[in-house]
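Novice: In my numbering, the protein residues as written are 6 to 144.
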């Protein structure tokens with residue numbers, strides 16, 4: 006009987022068994038050695054690799070999500086506060102700002118749900134010559 010080696014994965018320092026449990030897969034998968042399975046062409050190694058890629062994609066998407074609308078592209082209407090109606094002359098009417106939806110377009114991300122770069126974004130270098138206007142002048 007070979008000794009069991011618990012190797013911490015690069016996923017938050019979890020063991021393979023903890024990782025399998027955290028992504029709600031059958032417990033039996035944790036009994037298969039992921040390294041042996043990956044060398045043998047087993048589904049466990051492939052499955053783990055795919056799950057790691059997907060988990061990284063989700064984390065990357067969360068970082069790129071608009072902080073104002075939380076990725077939906079819409080924010081609560083400031084006129085009716087999501088009610089969809091307002092009081093006009095003591096009569097309940099459809100909100101003219103949001104057309105009764107209770108939501109308006111997020112101006113921070115222009116309805117994309119993605120964080121957009123601004124002129125204050127440190128990723129934008131104003132001195133990067135690749136994006137400078139053309140210096141060709143007609144003579």
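No residue lacks a Cβ here, since even glycine has one placed at the ideal position from N, Cα and C.
Computed from a prediction, not measured in an experiment: that's the story for all the values here.
Under the three-state reduction of DSSP, which class applies to residue 92: helix, strand or coil?
Specialist: Three-state DSSP puts residue 92 in a strand.
Novice: Leaving aside the five residues before and after residue 109 along the sequence, list all residues of the same chain whose C-beta is less than 7 Å from its C-beta, in chain order.
Specialist: Around residue 109: 79, 80, 82, 102, 103.
Novice: Might you give, ordered along the chain, the residues of its own chain that have their beta carbon closer than 6 Å to the beta carbon of residue 28, omitting 5 neighbours on each side?
Specialist: Result list for residue 28: 56, in chain order.
Novice: If I follow the unbroken beta strand (DSSP E) through residue 117, where does it start and stop?
Specialist: Where residue 117 is concerned, there is no enclosing beta strand (DSSP E), given that its DSSP letter is neither H nor E.
Novice: Return helix, strand or coil for residue 22, following the three-state DSSP convention.
Specialist: Looking at residue 22 - three-state DSSP - the assignment turns out to be helix.
Novice: Quick one: what's got a C-beta closer than 7 Å to residue 91's C-beta in the same chain, skipping five residues either side?
Specialist: Hits under 7 Å: 84, 85, 98, 100.
Novice: In the structure shown, what three-state DSSP assignment does residue 28 receive?
Specialist: Of the three classes helix, strand and coil, the one that applies to residue 28 here is coil, per DSSP.
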